[in-house]
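Participant: Numbering (my numbering), first residue to last: 726 to 1005.
Have a look at this one before I ask anything.
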């Protein structure tokens, strides 16, 4: 288990502060909310670990063919292990929810996606908090190298992320970068599309591919280095990078696969090698 995977203080005296309880899960706080569901920090009272718990849309019930398909589709991601990827633990069907959980809209039969909680902050918040910091660019490229290595490892196991974004890249309290939601967001969008229940604001469902991951990583990297979120080829060339590094970014964003770097790690290493000294 990664050092950044937080564990609860079992006797911290804060049990009464729970938002609610669902089966063996004590919901502690709302971490975020999006079109694919709300995410809570929770204590697994059986395993004594902190989890990120995503409450999936009600269109996906705990039983039924699409829920079964989603379970099967997520098995490869659940079996994959990498120190820079938040482990997917379980797709859980709720059985009992107390009054606090029901007030949050959580009821029997809903599906919960349980993953390791990575203590820290997502990339988007980190960028806002550290705009203009000395050493920011070098730190970012180091973290992107870790994420690229994780993506390459996932691709080697036949997996693709499908939703590489600022919210799915966490800067851990351990000083490392971590990917969350490996394959799960893409598979969830596919399930909701088949049910005709795609929520408003959700990204268009499409097949997750390594090429798509590389393009998403390149957009994220260009955005982080330029200060413009989700930047694309229109932001190139970046002043922080030399011509060769800019060409690698442009190739990763191109539709022509022949122009792409050989791996996500190769893309980031080209950018690290081409970093203009004054941009460090």
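The beta carbon of each residue, even a glycine, is placed where N, CA and C say it ideally should be.
Since the structure is predicted, the reported quantities are computational estimates derived from the model, not experimental observations.
#1: Across the segment 876-887 and the segment 906-917, are there enough close Cβ pairs to call them in contact, namely three or more that are closer than 8 Å?
#2: Just how far apart, CA to CA, sit residue 896 and residue 868?
#3: I need the boundaries of the alpha helix (DSSP H) containing residue 771, first residue and last residue.
#4: Just list the beta strand (DSSP E) runs in the segment 775-820, keeping only unbroken ones of 3 residues or longer that don't cross its boundaries, in chain order.
#5: Bridge partners of residue 751, per DSSP?
#6: Which of the three DSSP states, helix, strand or coil, is assigned to residue 822?
#7: By how many angstroms is the C-alpha of residue 962 removed from the C-alpha of residue 969?
#8: Reducing DSSP to helix, strand and coil, say where residue 1035 ends up.
#9: Short of 6 Å in beta carbon distance, which residues of its chain neighbour residue 848, apart from the five on each side in sequence? Order them along the chain.
#10: CB-CB under 7 Å to residue 766, same chain, minus the five flanking residues each way: which ones, in chain order?
#11: Considering only C-alpha positions, which residue in the set 844, 747, 791 is nearest to residue 915?
#12: If distances are taken between C-alpha atoms only, which option among 920, 802, 827 comes closest to residue 814?
#13: Thinking C-alpha only, which one of 749, 829, 800, 773 is nearest residue 781?
#14: My guess is that residue 950 and residue 865 are in contact by the Cβ rule of under 8 Å, so how many angstroms apart are they, rounded?
#15: Assign residue 909 to one of three DSSP states: helix, strand, or coil.
#16: Could you tell me if residue 820 is buried or exposed, where buried requires 16 or more neighbouring beta carbons within 10 angstroms of its beta carbon?
#17: Along the chain, where does the alpha helix (DSSP H) containing residue 938 start, and where does it finish?
Facilitator: Reading it off the structure:
#1: yes
#2: Taking the first residue of the chain shown as position 1, residue 896 is located at position 171. Taking the first residue of the chain shown as position 1, residue 868 is located at position 143. Each residue's alpha carbon lies about 8 Å from the other.
#3: Numbered from 1 along the chain shown, position 46 holds the residue referred to as residue 771. Here residue 771 belongs to no alpha helix (DSSP H), and DSSP marks it neither H nor E.
#4: 813-818
#5: In the chain shown, residue 751 corresponds to position 26, counting from 1. BP columns for residue 751 point to 746, 768.
#6: Looking up residue 822 in the chain shown gives position 97. In this structure, residue 822 counts as strand in the three-state DSSP scheme.
#7: Within the chain shown, numbered from 1, the residue matching residue 969 stands at position 244. Within the chain shown, numbered from 1, the residue matching residue 962 stands at position 237. Their backbone Cα atoms lie some 10 Å apart in a straight line.
#8: The question about residue 1035 has no answer, for the chain in this structure spans 726 to 1005.
#9: Position 123 of the chain shown, counted from the first residue, corresponds to residue 848. Cβ within range, chain order: 891, 894.
#10: If you number the chain shown from 1, residue 766 lands on position 41. Same-chain partners within the cutoff: 753, 754, 756, 775, 777, 842.
#11: Start at 1 with the first residue of the chain shown, and residue 915 comes out as number 190. Per the Cα distances, 791.
#12: Taking the chain shown and counting its residues from 1, one reaches residue 814 at position 89. The candidate whose alpha carbon is nearest that of residue 814 is 802.
#13: Locating residue 781 in the chain shown gives position 56, counting from the first residue. Nearest option by C-alpha distance: 829.
#14: As a first step, residue 950 must be located in the chain shown, where it is residue number 225. As a first step, residue 865 must be located in the chain shown, where it is residue number 140. Rounded, the Cβ-Cβ distance is 7 Å, consistent with contact.
#15: Here residue 909 corresponds to residue number 184 of the chain shown, with the count starting at 1. Residue 909 falls in the helix class under three-state DSSP.
#16: On the chain shown, position 95 is the one that residue 820 refers to. Answer is exposed; the Cβ neighbour count stays below 16.
#17: Taking the chain shown and counting its residues from 1, the one referred to as residue 938 is at position 213. Counting along the chain, the alpha helix (DSSP H) containing residue 938 begins and ends at 935-951.
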